[in-house]
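Data block below; observations after.
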Amino acid sequence: MAAAIIDTLRRELSPDSAEPCLSHGTLVLTVPPAALLATARRLCSEFGFDLFLDVTAVDWPQRTPRFEVVYHFYSSVHHVRVRLKTAVPEAEPVVDSLCSLYGSAHFMERECHDMYGIVFRGNPDLRPILLYEGFVGHPLRKDYRKDHEQPLVSYRT
Amino acid sequence: MNRGTIPIRPAHPQSGALEYISTKKDELVGWARKFSLFPYPFVTACCAMEFMAVSSTPYDTDRFGAALPRFSPRQSDLLMVVGTVTHKQAPVLVKVYEQMCEPKWVMAFGACATSGGFYQNYAALAGIDKIIPVDVYVPGCPPRPETVIDAIMQLQDRIARAHHPIITKTF
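Residue numbers (this note's numbering), protein chains in the order written: chain A, 62 to 218; chain B, 23 to 193.
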């Protein structure tokens with residue numbers, strides 16, 4: 062049953078350019094940013110992927126485009142996981158928000174915006190969620206110095 | 023002075039009678055204060071498990087008069103910072119410390135509160151002594167309960183030896 066749905070997804074959602082692969086039982090699909098929202102919508106409404114597990118990003122400083130935004134979905138009907146990847150450039154790290162499909166996207170996109178500076182177009186509230194107001198930069202980017210602190214309280218002398 | 027004894031001396035040691043006692047104000051107040059520590063547990067991370075172990079029956083900090091946590095900083099005199107403090111939490115810790123009445127003492131419980139531990143990144147504060155004064159440091163990740171008891175006893179010795187102004191700075 063899982064193999065059947067994976068085959069269907071491969072046939073239906075695989076874009077022409079990238080070859081989808083199976084990683085530890087998870088179907089990995091790479092899509093251009095423009096096709097992201099449409100693909101996620103089909104996963105959500107057509108194929109029964111009702112659980113949005115996570116959105117995060119990967120910083121590849123040597124690559125162009127630099128950032129890879131990674132989504133994980135799970136189907137409680139088919140018991141199958143799908144990973145969706147899309148690459149965005151440093152100059153314009155913008156992808157469409159999935160808030161209209163999954164309520165949990167609100168907070169997870171805020172965290173990804175905190176840590177990597179990915180802008181989720183359509184998310185109504187991208188305030189810091191783990192960081193604090195006034196924090197400059199995005200700490201999980203590779204060019205953020207690991208010993209760079211931004212204390213809120215002045216240190217004792 | 024022996025630890026745990028009441029600092030009183032009979033006026034006439036030969037008779038053995040205690041018609042009146044004489045002591046020093048600082049010794050008496052220090053003796054009272056060192057056995058009535060009311061901790062405020064500022065517990066943020068995994069060291070909390072060791073804090074629970076040390077305050078429960080097998081180790082029993084009640085023997086040192088320091089087992090009853092007060093969950094209001096205004097009623098406590100020992101701030102136990104147990105676990106990692108982040109930069110985002112630092113203003114909260116300072117506010118808690120400032121709400122405590124004098125006299126007050128601070129214990130940095132575990133490696134993270136002492137020095138930031140193994141964290142060196144954008145999030146963690148590298149030791150609470152960067153923002154508030156610390157009286158006793160407890161090493162360990164997490165500390166053994168014996169280490170915590172040793173720290174309490176060291177703090178008690180320090181309180182017993184300290185000057186305790188109760189009316190003016192000099193008295």
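All C-beta atoms in this analysis are idealised placements derived from N, C-alpha and C, irrespective of residue type, glycine included. None of these values were measured; they are calculated from a predicted model.
Can you tell me where the beta strand (DSSP E) with B:Phe60 in it begins and where it stops?
Here B:Phe60 belongs to no beta strand (DSSP E), and DSSP marks it neither H nor E.
Any C-beta of chain A under 8 Å from that of B:Ile174
no
Please specify which runs of the beta strand (DSSP E), each continuous and at least 3 residues long, are wholly inside the region 140 to 176 of chain B, giving them in chain order.
158 to 160
For A:Ser84, the residue or residues it bridges with in DSSP
A:Thr87
Mind checking whether A:Arg142 and A:Val131 have CB atoms under 8 Å apart?
no
Can you grab the Cα-Cα spacing for the pair A:Asp204 / B:Phe140, in whole Å?
21 Å
Does any C-beta atom of chain A lie closer than 8 Å to the C-beta of B:Pro113?
yes
At the level of alpha carbons, what is the spacing between B:Met23 and B:Pro155?
Note on B:Met23: pLDDT 45, under 50, position unreliable in the model; no value is reported.
Could you spell out the range, first to last residue, of the beta strand (DSSP E) harbouring A:Arg142?
Val141 to Val149
Am I right that B:Glu72 and B:Pro161 are in contact with their C-beta atoms under 8 Å? What's the rounded C-beta distance?
Not a contact, Cβ separation roughly 12 Å.
Say whether the region 107 to 124 of chain B touches the region 78 to 87 of chain B, bearing in mind that this needs 3 or more beta-carbon pairs closer than 8 Å, one atom from each stretch.
no
From A:Lys207, A:Tyr177, A:Asp157 and A:Gly198, pick the residue whose C-alpha is nearest to that of A:Ser185; which is it?
It is Pro, not Ser, that sits at residue 185 of chain A in the sequence shown. It is A:Asp157 whose Cα lies nearest to the Cα of A:Pro185.
For the candidate residues A:Ala99, A:Leu192, A:Thr69 and A:His133, whose alpha-carbon lies nearest to that of A:Ala166?
A:His133
With distance defined between alpha-carbon atoms, name the residue in B:Cys69, B:Ser98 and B:Gly138 nearest to A:Asp208.
B:Gly138
For a contact defined as C-beta to C-beta under 7 Å, what are the partners of A:Lys207 on chain B?
Gln142 and Asn143
Distance cutoff 8 Å, beta carbons only. Does B:Lys152 sit that close to anything in chain A?
yes
Residues in the region 181 to 202 of chain A with C-beta within 7 Å of chain E's C-beta atoms, listed in sequence order?
The structure shown has no chain E; the protein chains it does contain are A and B.
Taking 8 Å as the CB-CB limit, is B:Lys110 close to chain A?
yes
Please return the same chain residues whose Cβ sits closer than 7 Å to the Cβ of A:Pro154, not counting the five positions on each side in sequence.
Phe128, Gly178, Ile179 and Val180
Within 8 Å, do at least three Cβ pairs link the region 143 to 155 of chain B to the region 174 to 192 of chain B?
no
Look at the alpha carbon of B:Lys47 and the alpha carbon of A:Ser215, and state the distance between them as a whole number of angstroms.
38 Å
Residue ranges of each beta strand (DSSP E) within the region 63 to 137 of chain B, 3 or longer:
100 to 104 and 127 to 131
Coarse secondary structure for A:Asp111, derived from DSSP in three states:
coil
How big is the Cα-Cα spacing for A:Thr87 and A:Ser137?
14 Å
Please report the straight-line C-alpha distance between A:Glu73 and A:Ser106, rounded to a whole angstrom.
14 Å
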